[in-house]
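Residue numbers (my numbering): 263 to 471.
Structure follows, in structure tokens:
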């Protein structure tokens, strides 16, 4: 099984790029979506509330308040990540095993902090999605709960696009348009038959760690 990791800074077009893989019937693990599900689980909310009581109104998590707390304090951010990644890694491992059982030849994992928090060696190919800072800013500030301050703080926690492009095997420029992204995805899939494969047991063991 071939594992492709997609990454990129907030607002650069990861989700759109992943959607093109989905349209080609490639299984995609969406880390952001999985995290959104975790924030609805009582066991996760309880752990977060124990550490960040000010981010709650009663039993309701105030996501914007939580974001403002953790992005202003690196230690608190690491604490939140420790809680979330424990559950996220379990979900991802289960997903990988399921794709193996379903005999999938190629899968994609959308991982926002692949180079910062993950291990590149887990993936057969890594793909970074990028765009101009102007386009990124326009996209992000249209999102609910986002402002310039949050964007700046978020980018500080991530590697620069320049560094990510050096680390990645493939670079996709999302501001070149949907047709360009689609053609790039098709090209990757066509070339994937030549990618060096690892044993399925090796793949699974890497994601168990």
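We put the CB at the ideal spot given by N, CA and C, even for glycine.
- According to the DSSP assignment, residue 346 belongs to the alpha helix (DSSP H) that extends over 336-363.
- Selection 423, 433, 359 and 431 evaluated against residue 470 yields 359 as nearest (Cα-Cα).
- Scanning its chain for C-beta atoms nearer than 8 Å, with the 5 sequence neighbours on each side dropped, one finds around residue 394 the residues 437, in chain order.
- Burial check for residue 356: the Cβ neighbour count within 10 Å stays below 16, so the residue is exposed.
- Under the three-pair Cβ rule at 8 Å, the stretch 342-357 counts as touching the stretch 284-303.
- In this structure, the alpha-carbon of residue 418 lies about 22 Å from that of residue 267.
- C-alpha of residue 293 to C-alpha of residue 371: approximately 7 Å in a straight line.
- Residue 391 is bridged by DSSP to 434.
- Counting other Cβ atoms within 10 Å of its Cβ, residue 384 reaches 16 or more and is therefore classed as buried.
- In this structure, residue 309 lies away from residue 317, with their beta-carbon atoms at least 8 Å apart.
- Nearest neighbour of residue 274 by Cα position, chosen from 443, 382 and 448, turns out to be 443.
- Taking residue 432 as the centre and dropping the five residues before and after it, the same chain places the C-beta of 389 closer than 6 Å to its C-beta, in chain order.
- Residue 315 and residue 380 have their C-alpha atoms roughly 28 Å apart.
- The three-state reading of DSSP puts residue 324 in coil, since its state is none of H, G, I, E or B.
- Between residue 307 and residue 341, the alpha-carbon positions lie close to 14 Å from each other.
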